[in-house]
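Contents: one structure, followed by commentary.
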Amino acid sequence: MSSINKIYIASDHAGFEMKNKIIEKLSSEYEFVDLGTNSNESVDYPTYAFNLCKEVLKTNSVGILVCGTGFGMAIAANKVKGIRATNIIDPKMASLAKEHNNCNVITLSGRFNTLENNIDIIHNFMNATFDGNSDVGKRHQRRIDLIDKY
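Numbering (numbering that gives the first Met the number 0), first residue to last: 0 to 149.
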């Protein structure tokens, strides 16, 4: 299991139900900090993405954002300097997001993915590690540094 057990999580209205199901299913494994939204009422997803990203950076933790597709949340999150967010639809991709890109935020679909698949994604993401010291890891770190410097 990852050394990070605290997960910041937020959603918009389209991801609200999936977010709640994720928390319910995984609350015995991880400590979730729910940053909203708290209903199915329409909200502006960038607000939730920005708030989550601020907390992730402040605490050097990880975050999960859920919206209808995961796309909007990923776009918004990547506007925050220091965040490396990607939309994940497959558990193997979740491992690679951490191993190759050292992502600190993943975004999930509340409408086009099942709870079971999203749970597998979260497990893989949380159990993966980024090794910036191995030969392969140094190559990935060099690329991350190039992105950060742009």
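Glycine residues also receive a C-beta, built at the ideal position from the N, C-alpha and C atoms.
Keep in mind it's a predicted model, so treat the numbers as computed, not measured.
Each residue's CA atom was taken as its position, placing I87 and G71 some 13 Å apart.
Here DSSP, grouped into helix, strand and coil, assigns A127 to coil. Contact between the segment 106-122 and the segment 6-17 is established, with three or more Cβ pairs separated by less than 8 Å. Around the beta carbon of K97, 16 or more other beta carbons lie within 10 angstroms, which makes this residue buried. Taken through DSSP and simplified to helix, strand or coil, D33 comes out as strand. In this chain, the beta strand (DSSP E) harbouring G62 covers V61 to C66. Non-local beta-carbon contacts of K24 in its own chain, meaning distances under 8 Å to residues more than five positions away in sequence, involve L114 and I118 in chain order.
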